[in-house]
Amino acid sequence: MLDTFEIITTSGVVLWSKTYVPVASSLINNLIREVFVEERGANARAENSGGQKPTYRRDGYTLKWTAAKDLGLIFVAVYQSLLQIRWIDKLLENVRALFTELYRDQITKPNCSAVDCPFDQYFDRQIQELEKLDKDAGPQRGGPTIDVTPPTSDSNDNSADDMPPPPKPVLRTLNSNTSHDTTSTDVTPIPTPDASRPGTPRANHLLTGRPGLGGRGSRRSRKGMVAGNSAPVSSGDETPANASKKGTKGAKKMRKWDANGHADEDDGTTLDYSAPVASSNLSNANVEDSAEQEKWGTRTAKGEYMLKDIGDEMNAILSSANSNAGATNGDAASGLVGSSIGAISGLFRNVVGGKTLTKEDLVKPLKGMEDHLLKKNVAREAAVRLCNSVERDLIGMKTGNFTSIDTTLRTAMEKALRKILTPTSPLDLLREIQSTVRSSTKRRPYVISIVGVNGVGKSTNLSKIAFFLLQNHYRVLIAAGDTFRSGAVEQLRVHVNNLKELTQRQGKGAVDLFEKGYGKDAAHIARDSVEYAAAHAYDVVLIDTAGRRHNDARLMSSLEKFAELAKPDKILMVGEALVGSDAVQQARHFDAAFGVGRRLDGFIVSKCDTVGDMVGTLVSMVHATGIPVLFLGTGQHYGDLRVLRVESVVGLLMQ
Amino acid sequence: MAWYDEDSWLTQAVGPNIWAVIGTILLALTLPIVLHWFIYRSSVLAKTPSFLVLGPSGSGKTALVTKLETGHGSKTHTSQIPLTVQSHLPKSTVPKSWQYRSTADYETKAPKPLLLTDTPGHAKLRHYAYNSLASTTNPPTGILFVVDAADLSSSGTATGGANFALSDTAEYLHDVLLSLQKAYNNAKTSKAKEIPFLVAANKLDLFTALPAVAVKSTLEKDITRIRETRARGLLGVSTIGKGEGLGGNDEEGDDEREVLGGTSEGDFKFATMEEWNVSVEVVGGNAVGEDGPGVEGWWEWIGAQL
Ligand SMILES: Nc1nc2c(ncn2[C@@H]2O[C@H](COP(=O)(O)OP(=O)(O)OP(=O)(O)O)[C@@H](O)[C@H]2O)c(=O)[nH]1
Ligand SMILES: [Mg+2]
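From first to last, the protein sequence lines stand for chains A and B. Reading the first sequence from the start, the letters are residues 1 to 655 in UniProt numbering. Reading the second sequence from the start, the letters are residues 1 to 306 in UniProt numbering.
In structure tokens:
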């Protein structure tokens, strides 16, 4: 069974929750942090892949969630991973529709965090119905199949299209169920001019009456069958199809529940909340085009009805939500007049603001944004991901007053860039060195090693770091771990001699070279250098390594042993600012090269001064690994090392 | 036929008609009044005192803000966006500007409204906080920096290394104070207005929590360390030219190099921030939980700023 269900605002307040078994609050915090804020595991957010709600697993629990973007709500269901609850997706969907419809006004009220929501009864009812449907549907699936003509109304068609593939007959049941309910409420004193509507009730009568018409075993027809059998369970009206025992039993049970759990004062609360529902439906109806006249009538006619039974109210809301979705889907194609008016007002809103963004609105501006990022040397993969994340954020949002789509998109992209570039925990290298070196318990040198592909400036940046450390009066040992390329050791010696000179003028700190010539195993040299440093009271060891192509498996595999023997406190990878789209692969391969449980700690991006405003490489590298950029090389001198300032980089990228 | 129609309402409205005259006079007289009322009212609305709530993730900002809003608070999770709520001083707290009023007068007055803005504390989302901090259109009346007092004790380090919660908190606090200091230095106009700054030591209901005094000294000590390494650390990269690229621009170095409290020598004390018109106070309490000092102390501080 479900452990907990929570409705949370993006500002972090729990509006409503139902707890069956208490779970640690850190569970949902982790979900928010990892998935929403840090966007780790991009696939976890791949929403609606195959109609499934996204899932997050941790500590033996499964969390499924859905969001109402425009209101800033997250709906989370928590249950133990051992269990399989088939109706969770449907529950999330229905609860979202109900909750947003019932409390929209309260949620959008400014300067207020709390929402007065007596939502328990709706929720309990939903659970009951879904569980029942689940039980009913279970045996039916195994039983003999009766083929039926599929119902012909649009809304049913739509729900069929929206539905996930076969393994979830239960979900389909309820959805078609609710839309069936709309049609049953269509039987009102008000005559409807809509031609497509009357088709559905007829189809309903056919359901049990005429087997064997449609294509045998087709997905749709089976769906129709399930809908026909279980429809009475929730709607409870007395159609001929209702003659089955199961149907009447369901209806009875519902009434009983009403009598028990529904005291007089409860009726009072329902009355309170049915009013806003009616009114918001009204306003909805105004916005919609074509067929809403009849819906409007239905709802007002149903006014007193709703007071008696929240089940009906609930279904009405759900079905209106469903048909709304249908309306917006069908909108694009149907109604010449409607669509052209829509286009004009859309254009107007685009300028003035207050437009609700859809996928179509965003396609073109996003493409433009992607090209812009590519021009800034952001790898395509990273650009696409950024655009997708921005798109996810924006779909369903309203643009602000007097802001066009482009401005909105720009702001969102800036936010996304800032988010991706800002490290989760900032690293203060000096402070870490200080606390390691001055540690009273066990003094040891702080070890930094530097990796990267050939020719990106590993040795240069290593000497820059050494220079920086020397200025802070540390004793630095530089280990020549590149035993491969001829001249590498000599190059380092030149740097060390230069640095020595600078240090002597300063009078504090010291720098020396640790080298064992060429051909030796780099991992062992690294380990020896650390031992040597510990014995001779050096504060920091900087280990240079041989440059290697990231797709050279043999050389890359030696890195694991290296990490194991040298045990560096920090492994930094140097990447060139001009590298372009290869940056992603480089970063990934090096990040994975150190074995399980050891990753890169940061990037040094070199030659930043040579690329102008095309600083996209920074983004590509961080995107690929989630590892922060620690240093930027900005010139030829020892002093040309800088730390990343997110604002400057975002500013450059968005120009 | 004349080029105009005698009976049209338009002709009547601009013709020498007594009603037209009266209408014009009325309009001329009421328009300024309406305008005045409109502008005056909106400026009063804008002047509702607003407090900015900062602090690292999980310190209890959202819990505090909802508690101050509703009196009972809500369950909370990690925030992703800021939240502004309206609240009222409780009857028991007398705002400072009312301290000379008679109690009878006070009783009859409606409680003062105030706005509280909660910000997300996650490191990736702190730009919301810095933006509101730097806001010139609606500068905060006061700032509450919430810290988790139960998480600061340096002894409780499971990982062996430095206490992450402590360094995260101190770093954030350091950066906020530094940005206030910079804003003060860069302000061109009168610098008379003082910024009240409350360090709210939260979660004092837990027995592992440090008392407010200890919170203060712990934070001061850690900020001392931070500003030391910051002063010696590398400069941030800056844009050169007219945003033509990244580089090490030394002109900006001065601003970059600014040290909290003016110098990295000696120990940092919150009291030195007075020089930059930031008056820091540390008050303990708890936003959640039964036993403990509750939110009384914080309400009093807020009342003192009104
Ligand atoms: N015991 C105790 N727990 C508290 C107190 N205040 C907050 N908490 C708990 O601390 C946790 C985090 O509180 P939040 O208010 O969500 O933290 P936050 O500062 O808003 O965090 P972010 O939104 O991530 O920035 C919640 O589980 C609270 O219940 C307190 O005074 N005492
Ligand atoms: Mg919060």
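Glycine included, each C-beta is placed from N, C-alpha and C at the ideal position.
Please classify residue i: is it buried, with 16 or more other beta-carbons within 10 angstroms of its beta-carbon, or exposed?
i      : result
A:A537 : exposed
A:D552 : exposed
B:F164 : exposed
A:G566 : As written in the sequence, residue 566 of chain A is Ala, which differs from the Gly given in the question. Its Cβ being crowded by 16 or more others within 10 Å, A:A566 is buried.
A:H637 : exposed
B:I33  : exposed
B:Q80  : buried
B:R126 : buried
A:E6   : buried
A:G60  : exposed
B:T11  : exposed
B:S92  : exposed
B:K47  : exposed
A:S11  : buried
B:N202 : buried
Whole angstroms is fine: what's the gap from residue i's alpha carbon to residue j's?
i                      : j      : result
A:T403                 : A:D544 : 52 Å
A:R549                 : A:E515 : 23 Å
A:A534                 : A:R444 : 6 Å
B:P140                 : B:S50  : 5 Å
A:V390                 : A:L357 : 12 Å
A:S435                 : A:T422 : 24 Å
residue 352 of chain B : A:T62  : The structure shown has nothing for residue 352 of chain B, since chain B only spans 1 to 306.
A:H495                 : A:S463 : 7 Å
B:E69                  : B:A134 : 25 Å
A:D120                 : A:S319 : 20 Å
A:N111                 : B:W299 : 19 Å
A:S449                 : A:I433 : 14 Å
B:L180                 : B:G233 : 21 Å
B:G294                 : B:G285 : 5 Å
A:L499                 : A:D428 : 23 Å
A:V456                 : A:G575 : 6 Å
A:G142                 : A:L133 : Bear in mind that a pLDDT of 38 at A:G142, under 50, signals an unreliable position, so the number given afterwards is only what the model happens to contain. Taking the straight line joining both Cα atoms gives about 15 Å.
B:M273                 : A:R431 : 23 Å
A:R219                 : A:K135 : Here A:R219 scores only 44 on pLDDT, less than 50, and its place in the model should not be relied on; the value that follows carries that caveat. Taking the straight line from one Cα to the other gives about 20 Å.
So, for residue i: in the same chain, excluding its five sequence neighbours on each side, which residues have a beta-carbon less than 8 Å away from its beta-carbon?
i      : result
B:E220 : D267, F268, K269 and F270
A:E65  : A small fix is needed here, since residue 65 of chain A is Trp in this sequence, not Glu. L31, K53, P54, Y56, I74, F75, V76, A77 and L92, listed in sequence order.
A:T610 : A577 and L578
Could you give the C-beta distance for residue i and residue j, rounded to a whole number, given that I count them as a contact under 8 Å?
i                      : j      : result
A:L641                 : A:G633 : 6 Å
B:A287                 : B:G73  : 6 Å
A:T625                 : A:A587 : 5 Å
B:T62                  : B:D118 : 5 Å
A:K415                 : A:D70  : The Cβ separation is near 17 Å, so there is no contact.
residue 364 of chain B : B:L116 : Since the displayed chain B opens at 1 and closes at 306, residue 364 of chain B lies outside it and no answer follows.
A:S113                 : B:T66  : 5 Å
Excluding sequence positions up to five away, which residues of its chain have a Cβ less than 7 Å from the Cβ of residue i?
i      : result
A:M314 : L98, Y122 and R125
B:A231 : V259 and S264
A:A383 : E370, L373 and L374
A:F590 : V451, H550, M573 and L600
B:A170 : L219, D222, I223 and I226
A:T9   : L15, G72 and L73
A:F468 : L641
Please go through the same chain and pick out, in chain order, the residues whose beta-carbon is closer than 6 Å to the beta-carbon of residue i, but skip the five residues on each side of it.
i      : result
A:K561 : A523
A:A563 : F594 and R598
A:L477 : D512, F514, A533, Y538 and V541
What residues from the region 622-644 of chain A come within 8 Å of chain B, judged by C-beta to C-beta, listed N to C? Answer in chain order: F631, L632, T634, G635, G639, D640, L641, R642, V643 and L644.
Short of 9 Å Cβ to Cβ, which residues in the region 126-151 of chain B face chain A? Taking a C-beta cut-off of 9 Å against chain A, the contacting residues of the region 126-151 of chain B are R126 and H127, listed in chain order.
When you check each C-beta in the region 71-83 of chain B against every C-beta of chain A, which residues fall closer than 8 Å? Against chain A - using a Cβ distance shorter than 8 Å - the residues of the region 71-83 of chain B are S74, K75, T76, H77, T78, S79, Q80, I81, P82 and L83.
What residues in the region 212-236 of chain B bring their beta carbon closer than 9 Å to a beta carbon of chain A? Taking 9 Å as the Cβ-Cβ cut-off, the region 212-236 of chain B approaches chain A at R225, I226, E228, T229, R230, R232, G233, L234, L235 and G236, given in chain order.
Interface positions of the region 568-579 of chain A facing chain B (Cβ-Cβ less than 8 Å), listed along the chain: Residues of the region 568-579 of chain A with a C-beta less than 8 Å from any C-beta of chain B: none at all.
Tell me which residues of the region 59-70 of chain B have at least one Cβ-Cβ distance to chain A shorter than 8 Å, keeping chain order. Answer set for the region 59-70 of chain B: T62, V65, T66, E69 and T70.
Name the residues in the region 166-191 of chain B whose C-beta lies less than 8 Å from a C-beta of chain A; which are they? For the region 166-191 of chain B, which is checked against every Cβ of chain A, the residues closer than 8 Å are S167, D168 and E171.
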